[in-house]
Amino acid sequence: MSFLDLYTSPALTFTGSELEFKDADYVVLGVPFDHTSSYRPGSRFAPHAIREASLNIEGFSFRTERSVSDLKIHDAGDLHVNADIHEVLRRLELVTGEMLEERKIPILIGGEHTITLGSARGIKEDFAVLCFDAHLDLRDEYMGCKVCHATVMRRIHEIKNLKKIIMVGTRAACKDEIEYAKGQRINLLSSREINHKGIKEVSLQINELLEDEKAVYLSLDLDVLDPAFAPAVQTPEPEGISTYQLLEILSKIDLKGLVAFDIVEVTPQYDSGVTALVAAKTIFEVLSIIDQTKNPT
0 MSFLDLYTSP ALTFTGSELE FKDADYVVLG VPFDHTSSYR PGSRFAPHAI REASLNIEGF
60 SFRTERSVSD LKIHDAGDLH VNADIHEVLR RLELVTGEML EERKIPILIG GEHTITLGSA
120 RGIKEDFAVL CFDAHLDLRD EYMGCKVCHA TVMRRIHEIK NLKKIIMVGT RAACKDEIEY
180 AKGQRINLLS SREINHKGIK EVSLQINELL EDEKAVYLSL DLDVLDPAFA PAVQTPEPEG
240 ISTYQLLEIL SKIDLKGLVA FDIVEVTPQY DSGVTALVAA KTIFEVLSII DQTKNPT
């Protein structure tokens, strides 16, 4: 081993992880892409900001009594992106599919929400999507685009092996999206319902919806949080849920079938680092919850 190998490492790996791909259970991949952003661009800077935050907060979870430093995490760096969204999604499909073939759990850091379409296409078995998002993203097209952040759930719903979509924390939609969701029996749990019903009842409802699903893709658009908790997102929407509500609901959901997870829509330049810290903390908590579920001892 050279001194270079001994005393240096790539800058800003998530949590400082230096584990090799072959030894990891979880593989972090940044996707610095925000080409279709329509309000506040800049989520392409999120992978770097969230990695930086992950190096500067404690990784112990009081919910699971696990430390993220004990988990087997490999940081694969960032996906090579360009301005061609279809090429970016193709690469994501290939990379995600390869990770899944190697029995790894992809942890994707966006980037805009459109990236979820590419990684979802990489899942070859029947699967369900559990999405926390202020917006339905069920438009057929938006500003002339069929594939963008505002249509991503509509395009995912068209994937042949997709069995179910559960949208949680929604509070922003157009009339056409609501009608489509009702007609296609897409499950909706609004932020208003969460605040009225409470964490326990909502978590139970989500578990009932996931009961028969063997593979689950978890997608977290951080605008599901109220702007008071996550101000630096692409499309902030008032009347959201709190960080505590989000993490408590996640901790009570049975994620034994989880095959992939992403966190998207953070635009770090719109605050002083608070939202990136929330994103890093959320990834820590989700990883510890997943690990507790899959490795209970």
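At position 135 of the sequence shown the residue is numbered 134 (numbering that gives the first Met the number 0), and the sequence of numbers has no breaks. Where a beta carbon is used, it is the ideal one built from N, C-alpha and C, also for glycine.
Simplified DSSP state of residue i, which is helix, strand or coil
i       : result
Tyr-38  : coil
Gly-182 : helix
Ala-65  : The sequence given here has Arg at residue 65, not Ala. DSSP places Arg-65 in strand when its eight states are reduced to three.
Asp-139 : coil
Ile-164 : strand
Gly-109 : strand
Ala-278 : helix
Ile-288 : helix
Gly-15  : helix
Ser-53  : helix
Residue i: first and last residue of the uninterrupted alpha helix (DSSP H) it sits in
i       : result
Gly-117 : 114-120
Val-128 : Here Val-128 belongs to no alpha helix (DSSP H); instead the beta strand (DSSP E) covers 126-131.
Val-87  : 84-100
Arg-43  : It is not in any alpha helix (DSSP H) - Arg-43 carries neither H nor E in the DSSP assignment.
Val-151 : 151-156
Residues that residue i bridges to, as DSSP identifies them
i       : result
Ala-171 : His-134
Asp-77  : Gly-29
Cys-144 : Tyr-141
Leu-70  : Bridge partners of Leu-70: none, in fact.
Ser-271 : BP columns for Ser-271 are empty, so no partner.
Phe-59  : Ser-66
Ile-104 : Tyr-25
Beta-carbon separation (whole angstroms), residue i vs residue j, contact threshold 8 Å
i       : j       : result
Ile-56  : Ala-279 : 6 Å
His-79  : Phe-20  : 17 Å between Cβ atoms; not a contact.
Phe-126 : Leu-161 : 7 Å
Leu-286 : Val-26  : With 8 Å as the limit, Leu-286 and Val-26 do not qualify as a contact, their Cβ atoms being about 12 Å apart.
Ser-240 : Ser-202 : Ser is not the amino acid found at residue 240; the sequence shown has Ile there. Wrong, their Cβ atoms sit about 13 Å apart, outside the cutoff.
Ile-262 : Leu-224 : Contact flag wrong, Cβ pair sits at about 11 Å.
Glu-97  : Arg-170 : 36 Å between Cβ atoms; not a contact.
Ala-180 : Leu-187 : 6 Å
Gly-110 : Val-232 : Rounded, the Cβ-Cβ distance is 12 Å, inconsistent with contact.
Thr-113 : Val-167 : About 19 Å separates the two Cβ atoms, so there is no contact after all.
Ala-229 : Leu-221 : 5 Å
Phe-44  : Gln-268 : 6 Å
Met-152 : Ser-37  : Met-152 to Ser-37, Cβ: 16 Å. No contact.
Val-258 : Ile-122 : 6 Å
Glu-200 : Arg-62  : With a Cβ gap of about 19 Å, Glu-200 and Arg-62 do not count as contacting.
Thr-150 : Asp-132 : Not quite, the Cβ-Cβ distance comes to about 13 Å (not below 8 Å), so this is no contact.
Ile-165 : Ala-119 : Rounded, the Cβ-Cβ distance is 14 Å, inconsistent with contact.
Endpoints, beta strand (DSSP E) assigned at residue i
i       : result
Tyr-25  : 25-30
Ile-262 : 257-263
- Which runs of the beta strand (DSSP E), 3 residues or longer, sit entirely within the stretch 191-263? 215-220 and 257-263
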